[in-house]
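Residue numbers (our numbering), protein chains in the order written: chain A, 1 to 436; chain B, 437 to 718. The C-beta atom is built at its ideal place from N, Cα and C for all residues, glycine as well. Just so you know, these numbers come straight off a predicted model, no measurement behind them.
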């Protein structure tokens with residue numbers, strides 16, 4: 001019995017050791033990071049005509065910089081990637097410390113609900129100032145929840161100097177999964193859906209949904225998609241539904257059962273029309289994106305798809321996909337989403353939080369973030385709004401041959417829908433396509 | 437003091453069963469009745485059960501699960517019986533044969549399922565060999581043995597693994613039965629078939645029964661193999677429960693728990709029925 005207890009104890013120790021390991025990695029990352037050059041190229045004043053953030057009436061960006069100096073920002077973010085953690089604790093923390101005197105403290109969480117519950121708990125306890133959370137990494141449903149719970153600081157993000165490089169007219173930036181951003185969060189990075197194909201098998205991929213439908217019918221058994229609610233498969237179904245509904249515009253905004261019924265009916269009709277021509281005659285669908293990757297890698301199907309434009313390149317790099325693998329986006333665009341940072345309403349360090357958000361959005365940070373060895377995240381800035389030298393730098397970022405250019409991606413973006421639409425489409429697909 | 441020995445010895449095992457198993461079942465039952473305080477639901481109702489039973493997918497999943505468990509149990513028991521009867525005899529290479537027969541015992545089901553996938557999928561090893569031999573041209577020419585509507589891949593995996601499990605139990609049972617009864621029957625003039633039919637099989641019945649019940653209960657309630665090798669629809673009941681459990685909507689949690697309780701009840705009832713049936717036959 002003692003032996004067993006001892007073994008259990010050792011196991012427990014080992015488990016604890018495993019948990020604390022990332023911290024060590026973060027510290028070494030911070031120590032080895034190269035301090036960035038001072039950002040002389042950055043315009044250090046708010047974009048013209050931008051309204052000042054609430055509580056800063058009549059003040060300038062310089063005033064906010066002065067207030068931020070010496071403050072500490074507790075940055076709550078998903079901490080599951082060593083690569084991302086090291087970039088934040090190393091490059092970003094060093095830069096904001098040296099350039100603005102702001103101390104950045106990363107607090108890793110495994111899920112956004114952790115910090116939402118923390119802020120919510122503080123609000124319920126009446127702690128309307130001195131909150132522990134100063135900045136959060138957020139998007140989609142969690143942003144919506146925080147907005148609806150009135151847990152966020154007001155409209156501030158368009159006042160940031162770096163916001164001048166953001167194309168606010170792009171619906172996939174101005175809306176976070178269909179929910180209007182309205183300055184309550186500041187863009188941080190992007191993800192975009194791409195279609196993947198093997199150029200050796202399909203020299204000219206179909207670039208519109210109708211052309212794809214025709215291709216599928218002409219090449220039975222060569223196409224399939226992962227069964228929703230798989231993240232990627234679900235996004236593919238939305239592309240079909242956008243097209244069947246005659247465009248995404250009617251689907252934006254709050255969930256509307258009448259609009260959904262009409263759009264969905266056309267969508268299911270189209271999906272059922274192609275079903276007999278899918279892999280296995282559509283009698284079954286790959287359970288997950290991983291299965292889908294196997295099918296493509298083994299040549300059972302001719303197309304794959306990913307909600308990450310750079311994924312195909314890395315799969316080619318590590319030898320899973322053939323070297324002739326390429327990606328494309330539909331002429332009508334592909335769905336993109338943006339991830340953001342936001343400031344809780346009860347933070348005492350809003351100025352410093354804004355300074356960090358501004359730095360994260362700056363061309364130098366976005367370029368650093370886009371380097372595959374740093375993170376490889378898609379920049380959220382519009383290349384067309386950047387000065388020529390930064391455009392050239394952006395274009396020079398090493399990218400795999402299968403990855404499309406930032407220009408091509410950003411010119412073909414479609415917005416995401418609000419969460420209730422997503423679940424409705426997923427459940428509808430199960431009943432009307434899978435089980436029919 | 438001596439009276440305490442038995443309860444003391446039993447306590448660890450009983451604690452595990454009562455606390456972990458019984459506690460888990462009780463929590464599942466509570467949640468299936470809609471008691472999920474984390475999302476602010478505390479009213480008890482049988483709504484989740486109603487929704488599970490009214491779902492057309494449930495009936496098809498139940499039939500599929502019974503088919504998988506029934507066929508896997510029957511085929512693997514038959515193979516195990518034949519193997520055990522052969523392996524108990526003396527023949528050259530018996531040790532090697534027994535070792536090979538039992539070789540897959542330590543291999544987990546998960547690994548077995550992946551192996552089946554690598555071997556029998558339409559782009560698996562067999563399909564590739566077939567392509568090399570010129571028998572098939574494209575992956576779709578290879579018969580659909582995984583993700584197929586008849587769950588052949590799942591049954592294949594269960595038979596591969598369970599026939600050894602049952603076989604080992606039957607071999608042990610045969611060993612403890614010994615050969616005396618058969619020798620007696622032989623001296624009384626029974627031929628080989630008669631000895632097997634009227635002496636060995638009846639003696640083996642309890643072992644066959646308990647082993648096949650275990651196999652049936654396991655194949656009915658396990659989810660990883662059907663998840664990996666099954667078609668997307670209909671899917672085995674445990675896979676359906678897992679999908680509901682991982683649904684983004686926390687309101688689906690009671691349905692997932694209701695389905696798990698239903699699975700537990702079905703297994704219990706089937707086993708009780710099975711035992712009743714075989715007891716009467718005696």
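Burial is judged here by how many other beta carbons sit within 10 angstroms of a residue's own beta carbon; residue 630 (chain B) has fewer than 16 and is exposed. The beta-bridge partner set that DSSP reports for residue 491 (chain B) is empty.
Non-local C-beta neighbours of residue 282 (chain A) in its own chain, meaning closer than 7 Å and more than five positions away in sequence, comprise 275, 276, ordered along the chain. Contact of residue 192 (chain A) with chain B is not assigned, every C-beta pair being separated by 9 Å or more.
Inclusion of residue 380 (chain A) and residue 188 (chain A) in the CB contact set at 9 Å is warranted, their separation being smaller than that value. The Cβ atoms of residue 70 (chain A) and residue 107 (chain A) lie no closer than 9 Å to each other. Every alpha helix (DSSP H) stretch that sits fully inside the segment 640-693 of chain B and reaches 4 residues is listed by chain position as 660-665, 673-681. Listed along chain B, the residues sitting closer than 9 Å to residue 435 (chain A) by beta-carbon distance are 492, 493, 496, 669, 670.
For the C-beta of residue 677 (chain B), not a single chain A residue is nearer than 9 Å; the gap to the nearest is close to 15 Å. A straight-line Cα-Cα distance of about 17 Å links residue 401 (chain A) and residue 193 (chain A). One alpha carbon belongs to residue 490 (chain B), the other to residue 484 (chain B), and they sit about 10 Å apart.
Exposure of residue 249 (chain A) is indicated by the presence of fewer than 16 other C-beta atoms within 10 angstroms of its C-beta.
By the C-beta density criterion, residue 110 (chain A) is exposed, having fewer than 16 other C-beta atoms within 10 angstroms. Considering only B:481, B:579, B:641, the residue with the shortest C-alpha distance to residue 609 (chain B) is B:641. Of the residues A:198, A:435, A:339, A:372, the one whose Cα lies closest to the Cα of residue 190 (chain A) is A:339. Of all residues in the segment 266-300 of chain A, those with a C-beta nearer than 9 Å to a C-beta of chain B are 279, 280, 283, 284, 285, 286, 287, 291, 294, 295, 297, 298, 299, 300, reading in chain order. The beta carbon of residue 325 (chain A) lies closer than 6 Å to those of 198, 312, 316, 402 in the same chain, with the five residues before and after it left out.
Beta-bridge annotation (DSSP): residue 109 (chain A) is paired with A:78. Contact annotation for residue 227 (chain A) against chain B: 668 [CB-CB distance below 7 Å, chain order]. Spanning the alpha carbons of residue 488 (chain B) and residue 146 (chain A) requires a straight line of approximately 33 Å. Not one beta carbon of chain A lies nearer than 9 Å to the beta carbon of residue 573 (chain B). Considered as a whole, the segment 258-311 of chain A harbours 289-297 as its complete alpha helix (DSSP H) runs of no fewer than 4 residues, in chain order.
Chain-order list of chain B residues neighbouring residue 52 (chain A): empty, with the shortest C-beta distance near 38 Å, by a criterion of under 7 Å. Collapsing the DSSP output to three states places residue 61 (chain A) in a helix. Per DSSP, reduced to three states, the secondary structure at residue 478 (chain B) is coil, with no helix or strand assignment. Nearest to residue 503 (chain B) by alpha-carbon distance, out of B:616, B:456, B:611, B:652, is B:652. Here residue 648 (chain B) is buried. Its C-beta has 16 or more other C-beta atoms within 10 Å. Below the 7 Å Cβ cutoff, chain B contributes 576 as neighbours of residue 221 (chain A), in chain order. The criterion of a C-beta distance shorter than 9 Å is not satisfied by residue 144 (chain A) and residue 422 (chain A).
Judged by beta-carbon spacing, residue 496 (chain B) lies beyond the 9 Å limit of residue 659 (chain B), meaning their Cβ atoms are not closer than that value.
Residue 336 (chain A) places its beta carbon less than 9 Å from that of residue 415 (chain A). At the C-beta level, residue 92 (chain A) and residue 268 (chain A) stay beyond 9 Å of one another. Here residue 153 (chain A) carries a coil assignment [DSSP, helix/strand/coil]. Runs of the beta strand (DSSP E) lying entirely within the segment 315-358 of chain A, each at least 3 residues long, are 325-328, 334-342 in chain order. Between residue 258 (chain A) and residue 418 (chain A), the alpha-carbon positions lie close to 16 Å from each other. Here the alpha carbon of residue 333 (chain A) sits roughly 48 Å from the alpha carbon of residue 508 (chain B).
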